[in-house]
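Novice: Attaching a single structure in structure tokens format; questions to follow.
Protein chains in written order, with our numbering: chain C, 206 to 441; chain E, 206 to 441.
Listed below in structure tokens is the structure:
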């Protein structure tokens, strides 16, 4: 019998924000795959769940490089997928751990598609998205009553950001660090800069919260950052 | 010493999707408040976590009526808040359980504000939003790469739904049951009806998934429903 493939959302970083079901499956599967970005760098995802896994000998690190080089990316993906498929063919169940929620900006979805297409049984366990943890930490509701909420990847300069900022109520701008001055300018153009809160490394020891994003405009912003913007709420 | 107030997100319904931290706090606090909509109706939230709470004698049900009558609502809220504040004043810690994530369409936020304003220490534990669980169940990613995601409360006919549907990439339409024909018509006007999947009672035994929303247009839709709509993905 072929093994089953699990995608396991492990939440934003706090080991306590892993679900009971994720812990169960981590201990039930034969193999746990933990991604790392570089050989020897270690896996952030594994660090989060290590206290929840009884038998660490079943953990395999796989390298998913952080690069814009499509060929290098593709090569490592194919290799990782082949290793997973080999495990599944030999009857072993495999759990792939992924930060946050597997259905929100996760590269897991590409693995899932390929493995489903090969006819294997799969199951995805949702996880806490980083923006939920950030909102709880700040005590700022993401959305109330009849308000809408737009999750926008700020690392890309897409055409429709202006339209969304003009018509939406509340916003999460994910990964604004790539060109933070541009993001702040965009918010200013929409009169929303004073509604924005910047949170970096939420839940980590060196977490930072900044209410004056204009003052941060030309500072170095951590990659693990997001902006929460509520039209009906200002910092003043 | 005054007690601490915890808001505890317990996720969409599956007891397995409660976090490790939520379980810890449920067992650490002196009092657990579980909302019910009517006296004797029981608390859905309590049903989800009951297996995680060792001492059920600390659970108190509070009635939060589902009504559009603002006076009746206000009266029950004040009464509930006063009871919580009394516990906190007497040094008891209180955990308030809330479905999904506490910062997404939750009435907990009003309690939190009032209790914070009275100077009590508070902490909010995020939970899995219902739309994350639905997306995992369907195997449909909510957002990939440079796509954005708009969470829209479909029970309200706000002005900006059309603008969002015109400019966003992916959508979750929450609670579309109030006027489902209108919601389907709106999607059709934006050429998105064939991109929509309707999921009702996700994770419950009588869960339903419908890929042809036009066929469902005039059917009775369960209150616990949502539509997931991806511009780049059709059912055909």
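Note that beta-carbon positions come from the ideal geometry of N, C-alpha and C, so glycine has one too.
Quick caveat: nothing in here was measured; it's all calculated off a predicted structure.
(1) Mind reading off the beta-carbon distance from residue 213 (chain E) to residue 330 (chain E)? Whole number of angstroms is fine, and I expect it under 8 Å.
(2) Can you give me, in chain order, the residues of the segment 272 to 288 of chain C that have a beta carbon less than 7 Å from any beta carbon in chain E?
(3) Check distances from the C-beta atoms of the segment 304 to 323 of chain C to those of chain E and list, in chain order, the residues that come in under 8 Å.
(4) Closest to residue 433 (chain C) by CA distance: which of C:292, C:222, C:376 and C:221 is it?
(5) Please report the Cβ distance between residue 269 (chain C) and residue 327 (chain C), rounded to the nearest whole angstrom; I am assuming they are in contact, meaning their Cβ atoms lie under 8 Å.
(6) For residue 507 (chain E), does the three-state DSSP call read helix, strand or coil?
(7) Could you compute how far the alpha carbon of residue 489 (chain C) sits from the alpha carbon of residue 291 (chain E)?
(8) Which residue comes first and which comes last in the alpha helix (DSSP H) that contains residue 215 (chain C)?
(9) Taking the straight line between their C-alpha atoms, what separation do you get for residue 425 (chain C) and residue 241 (chain C)?
(10) Please report whether the beta-carbon of residue 407 (chain C) lies at a distance below 7 Å from any beta-carbon of chain E.
(11) Closer than 7 Å, CB to CB, is residue 233 (chain C) near chain E or not?
(12) Can you tell me which of the three DSSP states residue 386 (chain E) falls into?
(13) Give the straight-line distance between the Cα atoms of residue 314 (chain C) and residue 266 (chain C), rounded to the nearest whole angstrom.
(14) Inspect the beta-carbon positions of residue 374 (chain C) and residue 353 (chain C) and report whether they are closer than 7 Å.
(15) Cβ closer than 9 Å: which chain C residues qualify as neighbours of residue 259 (chain E)?
(16) So, with DSSP's three-state summary, where would you put residue 292 (chain E)?
(17) For the pair the segment 410 to 427 of chain E and the segment 379 to 391 of chain E, tell me if three or more CB-CB distances fall below 8 Å.
(18) Assuming the contact rule is C-beta atoms closer than 8 Å, residue 225 (chain C) and residue 223 (chain E) should be a hit. Round their C-beta distance to whole Å, please.
(19) Following the continuous beta strand (DSSP E) through residue 236 (chain E), name the residue where it begins and the one where it ends.
(20) With distances taken between CB atoms, is the gap from residue 333 (chain E) to residue 245 (chain E) smaller than 7 Å?
(21) Can you find a C-beta in chain C that's less than 7 Å from the C-beta of residue 440 (chain E)?
(22) Sort out for me which residues DSSP pairs residue 267 (chain E) with in a bridge.
(23) Could you tell me which of E:428, E:346, E:250 and E:325 sits nearest to residue 207 (chain E), measuring between CA atoms?
(24) Beta-carbon within less than 8 Å of residue 409 (chain E)'s beta-carbon, same chain only, minus the 5 sequence neighbours each way: which residues are those?
(25) Is there at least one Cβ from chain C nearer than 7 Å to residue 247 (chain E)'s Cβ?
(26) So residue 344 (chain C) and residue 317 (chain E) are in contact, right, with Cβ under 8 Å, and what is the actual spacing, rounded?
(27) Counting only beta-carbon atoms, is residue 351 (chain C) nearer than 7 Å to chain E?
(28) Just the Cα atoms here: how many angstroms apart are residue 463 (chain C) and residue 299 (chain C)?
(29) Check whether the Cβ of residue 213 (chain C) lies closer than 7 Å to any Cβ atom in chain E.
(30) Could you give the uninterrupted runs of the alpha helix (DSSP H) lying entirely in the segment 268 to 343 of chain E, keeping only those of 4 residues or more?
(31) What would DSSP say about residue 223 (chain C), mapped onto helix, strand or coil?
(32) If we ignore side chains and look at the alpha-carbon of each, how far apart do residue 210 (chain C) and residue 339 (chain C) end up?
(33) Residue 280 (chain C): buried (16+ other C-beta within 10 angstroms of its C-beta) or exposed?
(34) Check the Cβ of residue 224 (chain C) against every Cβ in chain E and list those closer than 8 Å, keeping chain order.
(35) Looking at residue 346 (chain C): is its Cβ nearer than 7 Å to the Cβ of residue 308 (chain E)?
(36) So residue 405 (chain C) is in the beta strand (DSSP E); what residue range does that whole segment cover?
Specialist: On the basis of the data shown:
(1) 5 Å
(2) none
(3) If the cut-off is 8 Å between Cβ atoms, the segment 304 to 323 of chain C has 306, 307, 308, 309, 310, 311, 314, 317 and 321 near chain E.
(4) That would be C:376, whose Cα lies nearest to the Cα of residue 433 (chain C).
(5) Not confirmed; about 19 Å, so no contact.
(6) Any answer about residue 507 (chain E) is impossible in this case: the structure gives chain E only from 206 up to 441.
(7) The shown model of chain C, from 206 to 441, leaves out residue 489 (chain C), and the question about it has no answer.
(8) That residue, residue 215 (chain C), is in no alpha helix (DSSP H); it is neither H nor E in DSSP.
(9) 24 Å
(10) It does not: the Cβ of residue 407 (chain C) has no partner Cβ on chain E nearer than 7 Å.
(11) No, because no Cβ of chain E sits closer than 7 Å to the Cβ of residue 233 (chain C).
(12) In the structure shown, residue 386 (chain E) sits in a helix (DSSP, three-state: H, G or I).
(13) 18 Å
(14) yes
(15) Neighbours of residue 259 (chain E) on chain C: none; closest Cβ ~14 Å, over 9 Å.
(16) helix
(17) yes
(18) 6 Å
(19) Counting along the chain, residue 236 (chain E) sits inside the beta strand (DSSP E) bounded by residues 236 to 241.
(20) Between residue 333 (chain E) and residue 245 (chain E), the gap from beta carbon to beta carbon reaches 7 Å or more.
(21) no
(22) E:240
(23) E:325
(24) Around residue 409 (chain E): 218 and 429.
(25) No - not a single Cβ of chain C is within 7 Å of the one on residue 247 (chain E).
(26) 7 Å
(27) yes
(28) Because chain C is modelled from 206 through 441, residue 463 (chain C) falls outside the range shown and cannot be assessed.
(29) The beta carbon of residue 213 (chain C) does not come within 7 Å of any beta carbon belonging to chain E, so the residue lies off that interface.
(30) Those alpha helix (DSSP H) runs which fall completely within the segment 268 to 343 of chain E and span 4+ residues are 275 to 294, 313 to 322 and 335 to 343.
(31) coil
(32) 30 Å
(33) Residue 280 (chain C) is exposed by the Cβ-count criterion.
(34) 216, 221, 222, 223, 224, 225 and 333
(35) yes
(36) 401 to 405
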